[in-house]
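In my numbering, the protein residues as written are 1 to 391.
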């Protein structure tokens with residue numbers, strides 16, 4: 001017959017062992033549950049949408065119009081009437097040449113016109129009188145004809161005097177050297193007191209029209225042909241004649257104003273095979289300067305029902321084939337072979353291999369293998385890009 005276990009220490013020990021055994025069983029049960037949990041993966045749900053297609057080209061900014069300011073008459077420069085680097089308007093006076101000799105020439109030409117008018121008037125009176133006398137045979141017909149010829153001669157002399165007056169007036173006006181265009185004026189190479197000559201080779205200053213500004217970009221003729229073929233085939237949809245252009249400045253910032261591309265005068269450079277495209281870009285704040293390097297994002301068209309997938313969801317095999325892992329309708333990881341087009345921002349344009357509604361794995365791909373069950377958690381393309389950048 002066994003003796004009952006009644007010692008207090010023995011009872012405590014047995015109770016402790018029982019608790020440890022129960023805890024161990026609980027831990028084992030939790031471990032089994034964790035091991036059988038379905039892993040979660042971040043997926044991007046493919047949708048079809050109209051997508052604008054752009055191409056980025058290198059370019060240089062230049063002035064739309066440039067006017068080199070030269071004197072059209074000679075003389076001593078009296079004063080400069082502008083601030084270097086300032087904006088000037090068309091017709092604004094930039095320089096004043098000493099006009100005293102031109103004022104005198106204008107006054108002389110004006111007096112010559114007055115004299116010619118008086119001579120013509122006198123000859124007309126004489127011709128009318130002689131015409132009346134000739135009708136009554138008081139004078140010969142020859143005298144009357146000579147009087148009429150004198151009128152014509154004096155009328156021509158008046159025209160010559162008027163032309164000389166106009167020339168003198170133009171010369172006098174040219175003593176005020178004006179800007180032919182709106183723009184920003186450069187530094188002046190002439191100072192008051194300098195002797196200027198008409199149409200001299202050295203420009204006094206230069207005015208550049210900077211609003212709008214011109215941006216010339218280069219594109220290969222091959223790319224231009226491809227673009228036209230895609231537009232003709234209906235792969236791209238054009239937006240009328242308005243082709244927008246966005247500029248990226250040298251510091252990487254986006255320029256505030258959108259330009260418009262002009263296709264007039266397109267030609268292919270025989271040595272490089274490149275086409276120069278010209279864009280007009282508003283420049284009201286004067287941020288863009290001639291000679292500045294920019295990157296131009298040129299709008300080529302838009303694709304209807306385009307399928308875009310974040311670059312993080314695309315991998316490539318050693319053979320170069322593009323692959324995407326998707327979570328199928330059965331919840332298992334499946335592989336899709338893709339045909340890719342161009343990149344659009346941080347996404348790939350998918351030509352074939354996916355359809356709207358497919359769930360492309362963009363996060364947690366290392367936690368699963370082909371055929372595994374997975375729980376799909378939707379993420380946006382921006383979130384996928386941020387996650388990839390963090391890793």
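No residue lacks a Cβ here, since even glycine has one placed at the ideal position from N, Cα and C.
Exposed unless 16 or more other CB atoms sit within 10 angstroms - verdict on residue i
{"i": "residue 184", "result": "buried"}
{"i": "residue 469", "result": "Since the displayed the chain opens at 1 and closes at 391, residue 469 lies outside it and no answer follows."}
{"i": "residue 305", "result": "exposed"}
{"i": "residue 120", "result": "buried"}
{"i": "residue 293", "result": "exposed"}
{"i": "residue 199", "result": "exposed"}
{"i": "residue 307", "result": "buried"}
{"i": "residue 359", "result": "buried"}
{"i": "residue 37", "result": "exposed"}
{"i": "residue 347", "result": "buried"}
{"i": "residue 380", "result": "exposed"}
Beta bridge counterpart(s) of residue i as assigned by DSSP
{"i": "residue 148", "result": "According to DSSP, residue 148 bridges with nothing at all."}
{"i": "residue 95", "result": "80, 177"}
{"i": "residue 274", "result": "220"}
{"i": "residue 209", "result": "65"}
{"i": "residue 246", "result": "297"}
{"i": "residue 334", "result": "326"}
Reduced DSSP secondary structure (H/G/I, E/B, other) of residue i
{"i": "residue 393", "result": "The chain is shown from 1 up to 391; residue 393 falls before or after that span and cannot be answered."}
{"i": "residue 32", "result": "In this prediction, residue 32 has a pLDDT of 41, which is less than 50 and means its spatial position is unreliable; nothing more can be read from the coordinates."}
{"i": "residue 136", "result": "coil"}
{"i": "residue 171", "result": "helix"}
{"i": "residue 225", "result": "helix"}
{"i": "residue 219", "result": "strand"}
{"i": "residue 125", "result": "helix"}
{"i": "residue 119", "result": "helix"}
{"i": "residue 313", "result": "helix"}
{"i": "residue 359", "result": "strand"}
{"i": "residue 200", "result": "coil"}
{"i": "residue 392", "result": "Nothing in the structure corresponds to residue 392, since the chain is present only between 1 and 391."}
{"i": "residue 70", "result": "coil"}
{"i": "residue 100", "result": "helix"}
{"i": "residue 188", "result": "coil"}
Alpha carbon of residue i to alpha carbon of residue j, nearest angstrom
{"i": "residue 279", "j": "residue 246", "result": "10 Å"}
{"i": "residue 105", "j": "residue 205", "result": "28 Å"}
{"i": "residue 168", "j": "residue 287", "result": "43 Å"}
{"i": "residue 149", "j": "residue 163", "result": "21 Å"}
{"i": "residue 67", "j": "residue 256", "result": "27 Å"}
{"i": "residue 116", "j": "residue 85", "result": "49 Å"}
{"i": "residue 170", "j": "residue 64", "result": "29 Å"}
{"i": "residue 128", "j": "residue 136", "result": "13 Å"}
{"i": "residue 81", "j": "residue 102", "result": "20 Å"}
{"i": "residue 339", "j": "residue 43", "result": "20 Å"}
{"i": "residue 48", "j": "residue 261", "result": "29 Å"}
{"i": "residue 51", "j": "residue 303", "result": "5 Å"}
{"i": "residue 124", "j": "residue 107", "result": "26 Å"}
{"i": "residue 361", "j": "residue 216", "result": "42 Å"}
{"i": "residue 366", "j": "residue 374", "result": "12 Å"}
{"i": "residue 273", "j": "residue 219", "result": "9 Å"}
{"i": "residue 248", "j": "residue 282", "result": "14 Å"}
{"i": "residue 222", "j": "residue 298", "result": "16 Å"}
{"i": "residue 130", "j": "residue 144", "result": "5 Å"}
{"i": "residue 152", "j": "residue 75", "result": "38 Å"}
Anticipated Cβ contact below 8 Å, residue i with residue j, distance rounded
{"i": "residue 77", "j": "residue 192", "result": "5 Å"}
{"i": "residue 353", "j": "residue 337", "result": "6 Å"}
{"i": "residue 397", "j": "residue 172", "result": "Residue 397 lies beyond the range of the chain shown here (1 to 391); nothing can be said about it."}
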